Amino acid sequence: MKFKKPESHKSAVTHYCSGCGHGIAHRLVAEVLDELNIREKTIGTAPVGCAVLLYNYFNCDIIECAHGRPPAVATAMKRLMPDNIVFTYQGDGDLAAIGTTETIHAANRGENFTVIFVNNAVYGMTGGQMAPTTMLGQKTTTTPFGRRSEIEGHPIRVCELLATLDGTTYIERTAVNSPKNTSKAKAAIKKAFQYQLENKGFTFVEILSPCPTNWKLTPKDSLDYVNKMQEYFPLGVFKDKLQ
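No gaps in the numbering here: position 243 of the sequence shown is 242 in numbering that gives the first Met the number 0, and each next residue is one more.
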């Protein structure tokens with residue numbers, strides 16, 4: 000058999016919308032857990048957002064966190080159980096809005112855990128409102144005429160922001176809108192977990208992900224829209240202290 004379901008991924012009926020990128024991101028994380036043989040010592044955190052039911056999909060320990068607080072919870076878990084592998088899985092609202100403080104300070108302290116950041120430039124679960132990563136001109140339910148810099152400000156580029164902090168070790172932005180990009184996303188996730196295994200410090204992987212429902216696009220067209228996102232959020236490695 001060339002291709003099979005990862006053992007770290009449960010056989011659950013998805014609650015995600017058609018064309019959503021979360022399912023791809025879940026599989027990539029599960030494949031990495033299997034390949035590194037770390038499933039039995041891994042603890043993940045579920046955010047408040049579209050991935051709030053993360054524990055339904057992963058065959059490892061998952062703890063539900065208050066909105067925006069996964070990095071604080073992950074800090075406690077990793078410090079109390081340093082031999083465990085700890086990761087947070089968060090969307091742009093959970094990580095870059097209400098959770099900005101927890102994200103920045105955990106990164107600045109160099110906490111030895113991994114953040115998986117799924118960026119679809121919109122609030123998905125609550126109805127498609129503007130997010131911190133919403134692009135200029137992008138229409139949402141709270142910016143029906145498009146985001147304006149003079150009113151709503153500019154989109155936050157989290158990778159670029161965290162790369163300036165001395166405590167961060169590895170930061171990369173990826174996407175899951177093509178086989179090539181998806182392969183690179185998996186490689187980035189694997190490197191992040193490997194660095195954590197080696198106690199190298201804070202690792203962060205951003206994944207640009209399609210959201211057809213709130214973008215009001217077909218699943219196919221939403222893949223092309225991710226390419227447009229890259230004008231604001233270019234793919235690549237923004238920091239790798241070990242290279």
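Note that beta-carbon positions come from the ideal geometry of N, C-alpha and C, so glycine has one too. Note that the structure is a prediction, hence the values are computed from the model and not measured.
Short Cβ contact (8 Å threshold) for residue i with residue j
i	j	result
ILE115	MET76	no
THR132	PHE192	no
PRO154	TYR224	no
MET129	CYS49	no
ASP93	PRO46	yes
LYS190	TYR169	yes
LYS240	ALA162	no
GLY90	PRO69	no
THR44	THR87	yes
VAL204	GLU171	yes
LEU196	ILE84	yes
Rounded distance between the beta-carbons of residue j and residue i, thought under 8 Å
i	j	result
GLU149	THR142	So it is not a contact: roughly 12 Å between Cβ atoms.
HIS21	VAL157	At roughly 18 Å, the Cβ-Cβ gap does not stay under 8 Å, so HIS21 and VAL157 are not in contact.
N-terminal and C-terminal residue of the beta strand (DSSP E) that residue i is part of
i	result
ALA45	41–45
GLY145	Segment: none, GLY145 is in no beta strand (DSSP E) and carries neither H nor E.
ASP239	235–239
GLU63	60–63
VAL204	201–207
ALA162	It is not in any beta strand (DSSP E) - ALA162 instead sits in the alpha helix (DSSP H) that spans 157–162.
ASN118	113–118
Enclosing alpha helix (DSSP H) for residue i [first to last residue]
i	result
ASP91	91–95
THR100	99–108
ARG78	69–79
VAL28	21–34
PHE192	178–196
VAL225	218–228
THR139	Run containing THR139: none; DSSP gives neither H nor E here.
Whole-angstrom distance between residue j and residue i, CA atom to CA atom
i	j	result
PHE57	ALA11	9 Å
HIS66	PHE201	21 Å
ARG38	HIS8	10 Å
LYS219	VAL121	18 Å
SER221	THR167	32 Å
GLY199	GLU110	Per the sequence shown, residue 199 should be read as Lys rather than Gly. For LYS199 and GLU110, the distance between alpha carbons rounds to 9 Å.
GLN242	ASP33	25 Å
ARG147	GLY127	17 Å
SER182	LEU234	13 Å
GLN137	LEU79	42 Å
GLY145	MET228	15 Å
CYS64	TYR54	12 Å
TYR15	ASN107	33 Å
LYS185	PRO5	13 Å
GLU101	ALA71	6 Å
SER17	ASN213	11 Å
VAL236	MET134	21 Å
heavy atom of the ligand ADP below 7 Å from residue i C-beta
i	result
SER208	Of ligands this structure carries none, so the ligand ADP is not represented either.
Item to check | Contact between the region 20–30 and the region 66–80 (3+ Cβ pairs under 8 Å) | outcome: no
Checklist entry - Are the region 173–180 and the region 196–216 in contact at 8 Å, needing three or more beta carbon pairs? => result yes
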